[in-house]
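Asker: I am attaching a structure below and will ask some questions about it afterwards.
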Amino acid sequence: MRKNQLLNILFALSLLSILGFSYVSKLSERSPITSCGEWGFFSSKDQKYYTHPDKIVVKPWVGQHHVYGLFMIPDGYLNDILFTVTINKTEVHCGIIGYGDRKFATGVNTKPGYYLIKGFLNTRIALRLILQGKGDQLKQPQNWKMGYVNQK
Numbered sequence: 001m002r003k004n005q006l007l008n009i010l011f012a013l014s015l016l017s018i019l020g021f022s023y024v025s026k027l028s029e030r031s032p033i034t035s036c037g038e039w040g041f042f043s044s045k046d047q048k049y050y051t052h053p054d055k056i057v058v059k060p061w062v063g064q065h066h067v068y069g070l071f072m073i074p075d076g077y078l079n080d081i082l083f084t085v086t087i088n089k090t091e092v093h094c095g096i097i098g099y100g101d102r103k104f105a106t107g108v109n110t111k112p113g114y115y116l117i118k119g120f121l122n123t124r125i126a127l128r129l130i131l132q133g134k135g136d137q138l139k140q141p142q143n144w145k146m147g148y149v150n151q152k
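Everything in the sequence shown is counted per UniProt numbering, starting at 1 for the first residue and increasing by one.
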């Protein structure tokens, strides 16, 4: 009788451990916070150019992937993997570039010889900034910046 109880307890603990681990790993996959590491930015001997988004969408209450900027980059140039959002000249947050339709986006007319890149900012970061009263600064294009270099 005792042997069966011990086996049942061990089975229940194992099951709870597996379920807990899978839940925590799914949480970490949903919305990772990107740190501003050197790996995300090109260091080039040639001139590096910077651009600001042509359109910014800030709708974190709609869900994940609804805080982004649309950057226009000239053909033949490589963009950084990350972009920065700077609030109050001291608070810097990084976002990551997502690739999708490179020529068309609602509300943005792509110039000839250019392509569009969507840069996503983490939803939790956006919500925190809005709750701190910095939502207007988040919507200002001059606070978003992405670098690019000539592809040779």
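Positions of the beta carbon are idealized from the N, C-alpha and C atoms, including for glycine.
Chain B beta carbons: is any one of them nearer than 7 Å to that of Asn-150?
Answerer: No chain B is part of this structure, which consists of one protein chain only.
Asker: Excluding the 5 residues flanking Phe-83 on each side, which residues of the same chain have their C-beta closer than 6 Å to its C-beta?
Answerer: Gly-95, Gly-119, Met-146
Asker: For Tyr-49, I'd like the list of residues in its chain whose CB is within less than 8 Å of its CB, leaving aside the five on either flank, ordered along the chain.
Answerer: Tyr-77, Gly-147, Tyr-148, Val-149
Asker: Measuring alpha carbon to alpha carbon, tell me which of His-65, Gly-133, Trp-61 ends up nearest Gly-98.
Answerer: His-65
Asker: Should Thr-51 go down as buried or exposed, given a rule of 16 or more other Cβ atoms within 10 Å for buried?
Answerer: Under this definition Thr-51 is a buried residue.
Asker: Skipping 5 residues on each side, what residues in its chain have a beta carbon closer than 8 Å to that of Gly-135?
Answerer: Val-58, Leu-129
Asker: Answer yes or no: do Gln-151 and Asn-143 have a C-beta to C-beta separation smaller than 7 Å?
Answerer: No, the Cβ-Cβ distance between Gln-151 and Asn-143 is not below 7 Å.
Asker: Write down the C-beta distance between Leu-70 and Lys-55 rounded to the nearest angstrom, noting that I regard them as a contact closer than 8 Å.
Answerer: 4 Å
Asker: What separation, rounded to the nearest whole angstrom, lies between the Cα atoms of Val-62 and Ile-87?
Answerer: 23 Å
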